[in-house]
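Numbering (our numbering), first residue to last: 3 to 262.
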């Protein structure tokens with residue numbers, strides 16, 4: 003199979019299309035863009051300058067990638083969007099390029115952004131993330147791997163969402179969400195460990211039990227954060243998951259979401 007470009011599509015001469023790419027009707031592919039092999043851009047999508055898209059991605063109708071950031075301080079300098087492989091980007095999703103000169107909005111592999119999702123400038127999204135319909139990330143948000151964000155949820159700028167966490171629909175996220183937890187509300191509050199998600203992700207029962215103990219120490223004891231972290235260090239096995247949870251909390255700049 004060869005690269006296919008619909009006759010109504012507009013492809014800039016400086017765009018690079020790998021083999022077996024499909025470009026559907028009325029798409030616009032701007033200069034200095036790279037589209038990886040077997041990626042399909044279905045119809046009416048716009049891929050703007052300095053955007054790189056990996057292999058085997060599917061980009062649906064009306065998607066806009068690489069447009070200018072919604073930042074009043076943006077000076078129209080050169081910045082980027084970089085998207086990995088096997089991402090599914092559904093209708094009317096918008097992904098903006100970096101706000102500062104030379105900066106990048108980065109999206110990893112195997113993510114699923116449902117219709118009307120918005121990824122603002124300088125976000126960093128790891129692998130296997132799901133954002134449901136009209137989920138919105140403000141600038142500089144970091145989303146670790148295997149996170150699920152419910153529809154119509156909004157994430158404040160600079161927030162960090164930890165791996166394997168789940169956020170309920172219509173939530174307002176203004177603080178960091180620890181890994182392995184579930185959160186919901188306006189503003190969001192923690193509702194315990196994401197036990198079902200961890201089980202589905204093949205975390206062992208032993209690992210889930212250790213994380214449950216750590217959660218209770220952090221959020222259901224009378225200890226402050228520093229005391230809770232010391233207790234975890236002294237009493238629980240330092241598994242990779244426990245180390246990641248503690249490091250996440252220690253490095254938080256916006257503060258950690260509280261329990262309901």
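Even glycine gets a Cβ: it sits at the ideal position worked out from N, Cα and C.
Under the three-state reduction of DSSP, which class applies to residue i: helix, strand or coil?
i, result
"residue 250", "helix"
"residue 139", "strand"
"residue 161", "coil"
"residue 108", "strand"
"residue 127", "strand"
"residue 57", "coil"
"residue 76", "coil"
"residue 23", "coil"
"residue 116", "coil"
"residue 96", "strand"
"residue 174", "strand"
For residue i, which option in the options has the closest C-alpha, if you only look at C-alpha atoms?
i, options, result
"residue 180", "87, 249 and 36", "249"
"residue 135", "161, 32, 151 and 216", "151"
"residue 222", "187, 262, 9 and 254", "262"
"residue 185", "197, 177, 168 and 35", "168"
"residue 257", "227, 177, 210 and 216", "177"
"residue 260", "236, 245 and 192", "192"
"residue 50", "90, 92, 137 and 81", "81"
"residue 52", "91, 79, 213 and 61", "79"
"residue 175", "19, 245, 72 and 188", "188"
"residue 4", "17, 18, 23 and 13", "23"
For residue i, which residues in the same chain have their Cβ closer than 8 Å to its Cβ, ignoring the five residues on either side in sequence?
i, result
"residue 15", "33"
"residue 58", "38, 39, 40, 41, 87 and 88"
"residue 111", "56, 86, 87, 88, 89, 129 and 130"
"residue 153", "116, 134, 135, 136, 137, 171 and 172"
Please go through the same chain and pick out, in chain order, the residues whose beta-carbon is closer than 6 Å to the beta-carbon of residue i, but skip the five residues on each side of it.
i, result
"residue 95", "65, 115 and 119"
"residue 219", "230, 233 and 234"
"residue 202", "none"
When we look at the beta-carbon of residue i and count the other beta-carbons within 10 Å, is it buried (16 or more) or exposed?
i, result
"residue 77", "exposed"
"residue 232", "exposed"
"residue 41", "buried"
"residue 164", "buried"
"residue 240", "exposed"
"residue 148", "buried"
"residue 162", "buried"
Short of 7 Å in beta carbon distance, which residues of its chain neighbour residue i, apart from the five on each side in sequence? Order them along the chain.
i, result
"residue 28", "10, 11, 45 and 46"
"residue 215", "238"
I want to see whether chain B comes within less than 8 Å of residue i, judged by CB atoms only; does it?
i, result
"residue 120", "Looking for chain B here will not work: only one protein chain is present."
Ordered list of beta strand (DSSP E) runs contained in the segment 176 to 250, each at least 3 residues
If we require 3 residues or more, the beta strand (DSSP E) runs fully inside the segment 176 to 250 come out as 183 to 187 and 190 to 195.
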